[in-house]
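Number 607 in the numbering used here belongs to position 607 of the sequence shown; there are no gaps in the numbering.
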Amino acid sequence: MKKALTIITYYLLGLIAILCLSVFPKYALSDSLESQGYFQILASFITEEFINPDAWVYSLNGINSKPIMEILWPAFIYSMEILIGALVVGFILAIILSIFTFFLPKFILQPVKRFLDLMESIPDLIIATLLQAFVVFIYKSTGVELFEVASYSDQAYLAPIITLAILPAVSLFKIMLLMMEEEYLKVYVTFARSKGVHTLAILLKHILRNIIPISFHHMKIIIWGALSSQFIIERLFNVHGITYFLVESFTPITIAVSLLLIFTPFFVFFQLIEWVMKEEEGVVKDVKRVNGKERWSKKNMLASLRIVSINLVETFRNISWRRFSVLKPIFNIVKTFFLHMKNWKFALGSIFFFGVIGYSLVYSFVTDSHVDQMRLFYADDGVTLISAMPFAPTEPFFFGSDKLGYSLFDQLVVGAKYTLFFALLIAFLRVIGGLLFGILYSFYLDRGIQKWIAKLADSIHFMPLSLVAYILLTPILLPSMEGYTNSFTERVLLETVILTILVLPLTTVLIGKEMNHVLESEFITSAKVLGGNKLTLFTRHVLPHIGARLTILFGQQFIHVLLIFMHLGLFNYFFGGTKVSHDPMFPDPPMSSTYEWSGLIGQVGRTTLSSGQYWYFYILAAFMITIFAMQLIIQGVKEIQQVKVGVTYKLPRLRKSKKLNNPQKEDYQMSKESFKQTRSEWDGDQGITP
């Protein structure tokens, strides 16, 4: 009974978060002085619409109103059929490939792992676009239509399922392969092999049975990514799923019902699975248990707050403010950076970011962010028309132009500083914010409160982040007929803050759990016995142990921010704002006000593929190269960390360098004389010279 009440409480908290999210666009668009406040709009929505079944209607611009479930429920079933089909195909494919790859020799297994790292770094948008381009190419070459790349009246399943299944299959394949290798080194496997049990039997009966519960914890991340990918894939393949109707009717009740339909089944499924897994584990709990009313009483809550405040005050008092220097941590970061530059992967990735951002800044400063434009391209005589926009490479622009005749290369150069810098900034804020709140989470909160916070943060996995970002950024990035409601600086700051806060609970819990793992070590107990306070434990022991993990998390968050930029760019939501033409006769396509890279993503569409304008793939190539550069940095940090803990990598190269530094002497020729000993040797007269 208590467990059921706890699950209901978690669900109600998720429901409250969805309701708060649903009314935000309406609040942000109400810019008049007489408009209601946010909480007034929220209360009015709950009392007048959400709890009133008659107000659950779906309408487009206030006309053709229908019961909302008649519209959203079939669309939800359609979307879930695609999602579940993709997950089932991806998981089955991952299990089969992992079992087959497990028996490969090591010299083949290493290239497979590198290929998986490369595939995992390719965004879903690029996979979907390349798949569509491949289908169009096959159709033009052979006349064979593999499947429809876009659906209009009929429902399409094959292409969306194949596209959506690729990344979950790659992620689970990589995770299962690593866990199989770790499980294969355990004692029970060695014992079974010594008894003559075949490796395949050990794998199927023991290893897979042990790693499946562990894989369950990774499934949330995989499904979370698949939900965000589905939001984009439905757009690319013109699938009329639930996200299509959400975008068409952007009202608070449509947002709330759509998010509830997505959130509820996954929340219930994972809660039931966790319940079953805990029952199977048979965890023994302490006999002494605190009464729930006593634990959450006013007296205990005030006492807990008092203890937390005392600990915080004590921590600040222990800081030696006289010797405190801002330059010292900066110096340590710079020193660590240059030490990591000895790794060629880390150095190559870092040089890419410094080079691209530096060149973009210099170019923008020298040319005042100039972008070449040409509408008609004439020959040298000035009369003969050669071509019109958009221009293919290499004339008049080496990398071609967009639909309005602007040079793609100039736009990529000018927009690089905005795309890369703010993606790095948002990733940095996510990690630093998670670290600061993680300190509070790990050092100052009780285990019970930590569990509640972890459960609340875990609910974020059941809502597609790209869809949530789309909902929150709509009133900020899109102008009305009168213009933007915020200035350019305000739009940049708001988007940066929103994209940071959306993931901050997840990074807080993740870093907090990493700290808890370090705090459970024996050397931490010794440090506490010797009188180490919380500040000393964090700065001297915890931070050095999680430093490499924070760097890897920073790289992962950077890639995640780039993916969000790409997803929003497909809906013409550009960083800093979207320039929209309101010309009723000949409107220009939406453009980015900063030329950042996601502003070019919207031009890679079905008409581009069917018309053969292949040079638009340069835009996707820029994203892929950037993600690959960050993957190099992450891999470099992992290799440096492996050296610190004693794991050897690049063994053949180490052997080669060792052989060059210590050349072997000539082989000694064996003969009969080699086995003869003189009397002096028997008498011990043979001397040993140093």
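We put the CB at the ideal spot given by N, CA and C, even for glycine.
For Leu29, the closest C-alpha among the options Leu445, Tyr484, Ile640 is that of Tyr484. If you draw a straight line from the Cα of Ala457 to the Cα of Lys451, it comes to about 10 Å. No residue range can be given for Phe575, since it is assigned to no alpha helix (DSSP H) and is classified by DSSP as neither H nor E. The DSSP-derived three-state label of Pro329 is helix. Cβ-Cβ distances below 6 Å link Ile601 to Met566, Gly569, Leu570 in the same chain, with the five nearest sequence neighbours on each side left out; the list follows chain order. Under the three-state reduction of DSSP output, Tyr616 falls in the helix class. In this model, Gly531 and Pro329 are separated by some 24 Å (Cα to Cα). Annotation for Tyr11: the continuous alpha helix (DSSP H) segment containing it runs 2–22. Shortest Cα-Cα distance from Ala548 to any of Ser194, Ala347, Ile351, Gln641 involves Gln641. For Asn516, the three-state secondary structure derived from DSSP is helix. Annotation: Ile95 to Met176 spans about 8 Å, alpha carbon to alpha carbon. Taking C-alpha positions only, Pro67 is separated from Val268 by approximately 25 Å. Closest option to Lys417, judged by alpha-carbon separation, among Thr163, Met179, Ser360, Val136: Ser360. Counting other Cβ atoms within 10 Å of its Cβ, Met515 reaches 16 or more and is therefore classed as buried. Less than 8 Å separates the beta-carbon of Ile126 from that of Leu620. DSSP places Leu376 in the uninterrupted beta strand (DSSP E) bounded by 376–378. For the pair Phe488 and Leu473, the Cα-to-Cα distance works out to about 14 Å.
Excluding five sequence positions before and after Glu482, none of the CB atoms of its chain fall closer than 6 Å to its own CB. Straight-line spacing of the CA atoms in Phe397 and Ser407 works out to 6 Å. DSSP, read as helix, strand or coil, puts Ile386 in strand. Gly90 and Leu208 do not touch by the CB rule: their CB atoms are close to 17 Å apart, not below 8 Å. In the DSSP assignment, Gly483 is bridged to Ser480. Using a 10 angstroms sphere on the CB of Arg114, the tally of other CB atoms stays under 16, which defines it as exposed.
Under DSSP, the beta-bridge partners assigned to Pro67 are Val57. Within the DSSP secondary-structure output, Met591 pairs in a beta bridge with Lys579.
Ile476 has its alpha-carbon roughly 7 Å from the corresponding atom of Asn486.
Ser79 is the residue among Leu13, Asp446, Ser79, Ile18 whose C-alpha sits nearest the C-alpha of Ser229. Between the stretch 219–227 and the stretch 433–448, the count of C-beta pairs closer than 8 Å stays below three; the two stretches do not touch. Counting C-beta atoms within 10 angstroms of its own C-beta, Phe103 has fewer than 16 neighbours from the protein chains shown and is therefore classed as exposed. Per DSSP, the beta bridge partners of Gln373 are Tyr406. Scanning its chain for C-beta atoms nearer than 8 Å, with the 5 sequence neighbours on each side dropped, one finds around Leu93 the residues Ala165, Ala169, Phe173, in chain order. DSSP places Ser121 in the coil class of the three-state scheme, outside both helix and strand. Per DSSP, Arg491 is one residue of the alpha helix (DSSP H) stretching across 488–501. Assigned with DSSP and collapsed to three states, Ser401 falls in strand. Judged by pairs of C-beta atoms under 8 Å, the stretch 35–44 does not touch the stretch 118–137, as fewer than three such pairs exist. By the neighbour-count definition (other C-beta atoms within 10 Å, threshold 16), Arg491 is a buried residue.
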